[in-house]
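The sequence shown begins at 470 in our numbering and counts up by one.
Even for Gly, the Cβ is constructed at its ideal location relative to N, Cα and C.
Right, one structure below, let's go through it.
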Amino acid sequence: MDAIVLWDEEPGGNVEHIGEHGLTPEEVEEVLLSDLYPQDQSRASGRPCRFGWTSTGRHIIVVWDVVDEDPLMVLPVTAFEVPPGEAY
Numbered sequence: 470m471d472a473i474v475l476w477d478e479e480p481g482g483n484v485e486h487i488g489e490h491g492l493t494p495e496e497v498e499e500v501l502l503s504d505l506y507p508q509d510q511s512r513a514s515g516r517p518c519r520f521g522w523t524s525t526g527r528h529i530i531v532v533w534d535v536v537d538e539d540p541l542m543v544l545p546v547t548a549f550e551v552p553p554g555e556a557y
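Next comes the structure, spelled out in structure tokens:
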């Protein structure tokens, strides 16, 4: 996926939120922007999501909102480690 990833570093923003799940923005972007993993839809929220492996060896899900289509801008909403084969 070729997209601009929006990060909110303010208290309560998405950087803090994924950090609470033990992830870094770099790990999230590795999966979010990868064309190796198919895009899916979160069963919990209906948002777009992607499951994949980080270079640190963690299997994660990334859930995001599309903020704009042209150029494509996405806002990671949440990301967390999941066992392979899980659906969320």
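Coarse secondary structure for residue i, derived from DSSP in three states
i, result
"residue 551", "coil"
"residue 540", "coil"
"residue 488", "helix"
"residue 545", "strand"
"residue 507", "coil"
Chain-order list of residues whose beta-carbon lies under 7 Å from that of residue i (same chain, five-residue window excluded)
i, result
"residue 477", "483, 484"
"residue 523", "496, 499, 500, 529"
"residue 505", "521"
"residue 540", "473"
Of the listed residues the options, nearest to residue i (C-alpha basis)
i, options, result
"residue 493", "549, 554, 506", "549"
"residue 473", "480, 491, 503", "503"
"residue 526", "553, 475, 487", "553"
"residue 545", "539, 535, 551", "535"
"residue 551", "480, 475, 491", "491"
Beta-carbon contacts of residue i that lie in its chain and below 6 Å, excluding the five residues immediately before and after
i, result
"residue 509", "518"
"residue 470", "502"
Cut-off 8 Å between Cβ atoms - residues of its own chain near residue i, not counting five sequence neighbours on either side
i, result
"residue 514", "532, 546"
"residue 538", "none"
"residue 516", "510, 532, 533, 534, 546"
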